[in-house]
Amino acid sequence: MKGRRLKKFERGAHLKDKHESGEFFLPEMVIAATAMKEGLKVLSPLLLQSDIKTAGTVVMGTAKGDIHDIGKSIVGTMLEGAGFMVTDLEVDVDPGKFVEAAKENNAGLIGVSALLTTTMMGMEDVIKAVEGAGLKARVMIGGASVTQEFAHKIGADGYAPDAPSAVDKAKELVKS
Ligand code: B12
Numbered sequence: 322m323k324g325r326r327l328k329k330f331e332r333g334a335h336l337k338d339k340h341e342s343g344e345f346f347l348p349e350m351v352i353a354a355t356a357m358k359e360g361l362k363v364l365s366p367l368l369l370q371s372d373i374k375t376a377g378t379v380v381m382g383t384a385k386g387d388i389h390d391i392g393k394s395i396v397g398t399m400l401e402g403a404g405f406m407v408t409d410l411e412v413d414v415d416p417g418k419f420v421e422a423a424k425e426n427n428a429g430l431i432g433v434s435a436l437l438t439t440t441m442m443g444m445e446d447v448i449k450a451v452e453g454a455g456l457k458a459r460v461m462i463g464g465a466s467v468t469q470e471f472a473h474k475i476g477a478d479g480y481a482p483d484a485p486s487a488v489d490k491a492k493e494l495v496k497s
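With this note's numbering applied, the sequence shown corresponds to residues 322 to 497, in that order.
Here you go:
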């Protein structure tokens, strides 16, 4: 990403705005996403606060059929920074896998991310699978297309629009 485009980044242009306006295309998005992930690897240890006691255990993942993972990883990192133990199931996660991991880790909270209007429909399947398995874990959802209204509609325990409010919501849910 050189010349004119790099200068636009330096001026603070937003990646998603550039994609939505048709200025950046998928290959550039993949390059940017990879750079973001590498940056997060450096930032994550700095965000973690070693002297904090465990606030709870969370299983995080992106919904079945969805490979977007930047927002999910930021939320996971911020939860770790706030003292949660996080098991990241990565992307394209089957509802049954959320249940399995929640059982294995005795998780009190499951975080599901979805960025596509198609895959967000699968979030309800996670909630049903959790209920079907008789787990007490609460389910929190998020991702660009997800709204509080949608969360309410599918019976999710919580929703947050960004990582800082996801941390607040997670704390609230594990307490309740
Ligand atoms: C980067 C990107 C990609 C990258 C993903 C790389 C990666 N490793 O993640 C690549 C290029 C691979 C990609 C692929 C595709 N993408 Co895409 N992508 C984006 C883009 C530009 C940015 C997403 C992003 O990372 N945002 C930055 C992060 C930080 O924000 P976020 O994810 O929203 O997360 C924040 C909050 O939502 C919240 N949050 C997120 N997860 C969670 C979870 C919980 C529990 C909580 C509480 C909160 C929370 O906190 C986060 C931090 O603040 C969006 C545009 C957009 N407006 O979002 C399109 C977008 C999501 N993509 C889109 C599409 C259509 C696709 C493709 C289908 C394209 C194609 N034809 O192949 C494929 C899908 C592949 C698949 N099966 O998943 C559409 C979706 C449209 C729709 N309504 O369904 C969008 C909206 C673009 C558009 N306007 O058309 N994409």
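Note that the Cβ used here is the ideal one computed from N, Cα and C, for glycine as well.
Simplified DSSP assignment, three categories, for residue i
i       : result
Ile-462 : strand
Asp-489 : helix
Phe-471 : helix
Ala-450 : helix
Gly-377 : strand
Boundaries (first-last residue) of the alpha helix (DSSP H) holding residue i
i       : result
Ser-394 : 391-402
Phe-419 : 416-426
For residue j and residue i, believed in contact at Cβ under 8 Å, the rounded distance
i       : j       : result
Val-379 : Ala-428 : 6 Å
Lys-385 : Val-420 : Actually they are not in contact, since the Cβ atoms of Lys-385 and Val-420 sit about 13 Å apart, beyond 8 Å.
Gly-464 : Met-441 : 7 Å
Thr-375 : Val-412 : Not quite, the Cβ-Cβ distance comes to about 25 Å (not below 8 Å), so this is no contact.
Pair within 9 Å by beta-carbon distance, residue i and residue j
i       : j       : result
Lys-492 : Gly-392 : no
Met-406 : Pro-485 : no
Ala-435 : Val-396 : no
Ile-388 : Val-433 : no
Among the options, the one whose alpha carbon lies nearest that of residue i
i       : options                               : result
Asp-478 : Ala-484, Ala-465 and Glu-445          : Glu-445
Gln-469 : Asp-483, Ser-497 and Lys-457          : Asp-483
Arg-459 : Glu-411, Glu-425, Val-495 and Ala-435 : Val-495
Boundaries (first-last residue) of the beta strand (DSSP E) holding residue i
i       : result
Leu-430 : 430-434
Val-407 : 405-409
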